[in-house]
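Presented below is the structure to which this report refers.
Protein chains in written order, with the UniProt record's numbering: chain A, 1 to 325; chain B, 1 to 387.
Pasting the structure below:
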């Protein structure tokens, strides 16, 4: 046992000195200086100051631009504003009263707003020229809007979207809008009424246009087929007369037809003749129809009253009075 | 010295007193002028024309007791009659318009119907009262219903009709109305020509023979309250026949006419079921009178929001209030709007209040009250309580 320990010690001494040192706790032959505690945090001057490296800024490109340069190649696409590329002394932004607005350099206001510097008139012209080779000429016979509407009553609208992203698909491209004049369907009164009830708020009374939008299918083609199906179905449904439609009564009428109401029979009974023979009946029937169709208001009541007075030959209220209000 | 000053003082007071007297005299004259501007001495509505517009005329006491003894004037107005010690009505355009029409109507043609309409409290009932006064003085037989709402909304009692299956009678109300009719037309009913055209069998034992007078028929209705409702319907028919025969000229004036077409009454049948107006016996008679199929008569009705339930008071216009059936019943009628006070009318009513010492005079009160009341006579009457 004693032998073994001596052997070990000997072999340790043979090991390389630095390695031994590294594993040894004791201080080595040369004694290190004892470090003083820096309580006051006095700066150590041993670290040298870091030198700031200045980036080299080139002078703005606008300085070198020729007056007759091709602007379309300088600014080819949509891009946010860059002061060194736009050779215009633009100013924008808010300042204190009296001071001029900030100039274009480092101007966030100018960068925020969208610009159309890529769509200057000569550029548009050039692009149109380039697209012309893909277009077919406009038919000469279709020179007026009436002719266009007559021969092509249906108008289909859809949108294409251009992307430089990872996917070139846009979900909005599937939407198809169909638009046509109701007049071009040549429906009779009954069918028109039914058509309007089926269409609901898709009909615009002022322009006589029906607009159907389809976006329920994933592809444009499917939506297009669906829209055309809807148009066909609507047309044929409104032409069809169902047995229950014969049950439509006075109360279901969408407008007041004077000749079918008690008002007409009342007047005929009073005058004891057909209503066509009564003087002043047109004014009366118009007034009653307006009263019922337009709803009750001061104007329609007044008109109704005047019509009745002319019908029954009574004096007007103005004839008794010249009251200053 | 003292003497002189005393004399001077006396002189000055003397001068002053003369001045005061003069001032008082001119003020009186001024007052007279105001009196003339808001009052009119013409108490006969027949003579009213556009010169009397916005002026007040007083109904003679004896006329008032005959016409409005059993109702016919709005409640608050009736209390003010007592306060002011006279019945003053303002000559206003709607009433004048209708009176003018009544003068020019060809009475050989079918009946003309007038409908007074307007916002609450603008004076529809009082315009009707003015027209009734005209009719009274021109010997019309007046069929006046003071307020249909009293029957449909506040019936005194009700019972099942004996003559018609499923109908309701309003016995006390009907008898009260017969009494009202009798008092209003006491003068005309003395005419022995007003006879009934057929024999009426009330029960097996009770009959009213042919050619008995209208008074007898009415008396029977009042005395035998069970038959009052039925009596009104028969009376309506008889009045139509008599008018067509030219024996009398009739004015039908119904206040709150739209109640006859408003389905939600407060008349209940045995099992608390609401009875619609067309199931009430009285309705038939008055609807019969407002038809156009007779002559020698005129019909003036008012349509009023107050006669229907509060939740349905959304519009004051005739088509809404009458409903489809009501409109078709009256069509063609002449709508006459009753509006609020104009500036001139407001001025004269304020002068009247001042003359009656109902309000204290102070500067700017007229403008203030016109603004506050928005020209509405009813609101004005309510507002002047505190001035």
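Virtual Cβ for every residue (Gly too), placed ideally from N, Cα, C.
No experiment lies behind these values; they were computed from the predicted model shown.
Rounded to the nearest whole angstrom, the CA to CA distance from residue 201 of chain B to residue 230 of chain B is 11 Å. For a cut-off of 8 Å, the C-beta gap from residue 210 of chain B to residue 196 of chain B is around 7 Å, short enough to register as a contact.
Within the segment 331-352 of chain B, those residues whose Cβ lies closer than 9 Å to any Cβ of chain A are, in chain order, 331, 332, 333, 334, 335, 336, 337, 342, 343 and 344. For residue 260 of chain B, the three-state secondary structure derived from DSSP is helix.
Residue burial is scored here from C-beta neighbours: residue 294 of chain B has at least 16 other C-beta atoms within 10 angstroms and is therefore classed as buried.
Counting along the chain, residue 214 of chain A sits inside the beta strand (DSSP E) bounded by residues 209-214. Only buried fits residue 93 of chain B, as 16 or more other CB atoms lie within 10 angstroms of its CB. Here residue 64 of chain A is exposed, its C-beta having fewer than 16 other C-beta atoms within 10 Å. Note that the C-beta distance between residue 303 of chain B and residue 258 of chain B is below 8 Å.
No Cβ-Cβ contact shorter than 8 Å links residue 348 of chain B with residue 84 of chain B. Chain order gives the chain A residues near residue 101 of chain B as 314 and 315, where near means a beta carbon separation below 7 Å. For residue 284 of chain A, the nearest CB of chain B lies under 8 Å from its own CB, placing it at the interface with that chain. For residue 73 of chain B, there is no enclosing beta strand (DSSP E), since its DSSP letter is neither H nor E.
Measuring C-alpha to C-alpha distances from residue 287 of chain A to each of A/276, A/300, A/278 and A/279 identifies A/300 as the nearest.
Shown here for residue 268 of chain A: same chain residues with a beta carbon closer than 7 Å to its own, the five before and five after excluded, namely 274 and 275 in chain order. Rounded to whole angstroms, the separation of the alpha carbons of residue 116 of chain A and residue 71 of chain A is 12 Å. Exclusion of the five residues before and after residue 156 of chain B leaves 172 and 173 as the residues of its chain whose Cβ lies within less than 6 Å of its Cβ. Within a 10 Å sphere around the beta-carbon of residue 332 of chain B sit 16 or more other beta-carbons, which makes this residue buried. Along the segment 109-125 of chain B, going in chain order, the ones with a CB nearer than 7 Å to a CB of chain A are 110 and 112. Taking the Cβ atoms as the reference, residue 53 of chain B lies roughly 7 Å from residue 96 of chain B, within the contact range of under 8 Å.
A direct Cα-to-Cα measurement between residue 212 of chain B and residue 134 of chain B gives close to 29 Å. One Cα belongs to residue 290 of chain A, the other to residue 259 of chain A, and the distance between them is close to 13 Å.
Within chain B, 319 have C-beta atoms less than 8 Å from the C-beta of residue 291 of chain A, given in sequence order. Separation of residue 159 of chain A and residue 86 of chain A (C-alpha to C-alpha, rounded to the nearest whole angstrom) is 32 Å.
By the CB criterion at 8 Å, residue 297 of chain B and residue 336 of chain B fall outside the cutoff. For the segment 72-134 of chain A, the continuous alpha helix (DSSP H) assignments of 4+ residues that do not extend past its boundaries occur at 108-112 and 121-132, in sequence order. Taking CB atoms only, residue 97 of chain B has a neighbour in chain A less than 8 Å away. In this structure residue 89 of chain B is not in contact with residue 184 of chain B, their Cβ atoms being roughly 17 Å apart against a cut-off of 8 Å. Runs of the beta strand (DSSP E) lying entirely within the segment 176-208 of chain A and spanning at least 3 residues, in chain order: 176-181.
Counting only the Cα atoms, residue 146 of chain B lies some 7 Å from residue 254 of chain B.
Just so you know, the alpha carbons of residue 217 of chain B and residue 208 of chain B end up roughly 7 Å apart. Under the DSSP assignment, residue 249 of chain B falls in the beta strand (DSSP E) whose first and last residues are 249-254. The count of Cβ pairs closer than 8 Å, one atom from the segment 232-250 of chain B and one from the segment 113-128 of chain B, stays below three, leaving the stretches out of contact. In terms of beta-carbon proximity, residue 104 of chain B lines the interface with chain A, with at least one pair separated by less than 8 Å. With fewer than 16 neighbouring CB atoms inside 10 Å of its own CB, residue 163 of chain B falls in the exposed class.
If you check the CB distance, residue 180 of chain A and residue 234 of chain A do not come in under 8 Å.
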